[in-house]
Amino acid sequence: MLIAISEEVVLKLGLYGLLPLFIGFLFFIMWDIAKKSNAGRAGTFWIFVALGMGFFGFLAKLVIEWVLGKWFI
1 MLIAISEEVV
11 LKLGLYGLLP
21 LFIGFLFFIM
31 WDIAKKSNAG
41 RAGTFWIFVA
51 LGMGFFGFLA
61 KLVIEWVLGK
71 WFI
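Just so we're aligned, residue 1 is where the sequence shown starts under the numbering used here, counting upward by one.
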């Protein structure tokens, strides 16, 4: 028995379900890097700023898509 899953379902599951989990795991990795390297407060801040920009870019993309969808389409 085969179960058919549409492309849209896979896309939404990956984009809105698995990607946030992956981003959370990346934040754990950043914290672990800062802890193991004894980066201190400033070093930890810069690790999160530099490596965390991808997360904020993802959030900005979602907001921009929502705004463009509401106001222009």
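Beta carbons: idealized from backbone N, C-alpha and C, even for Gly.
Spatial neighbours of L11 in its own chain (CB-CB distance under 7 angstroms, excluding positions within 5 residues in sequence) are not present. M30 is positioned such that its CB atom lies closer than 7 angstroms to that of L51. Short of 7 angstroms from the beta carbon of L59, and not among the five residues preceding or following it, lies no beta carbon of its own chain. With a cutoff of 7 angstroms on beta-carbon distance, A34 and I23 are scored as not near each other.
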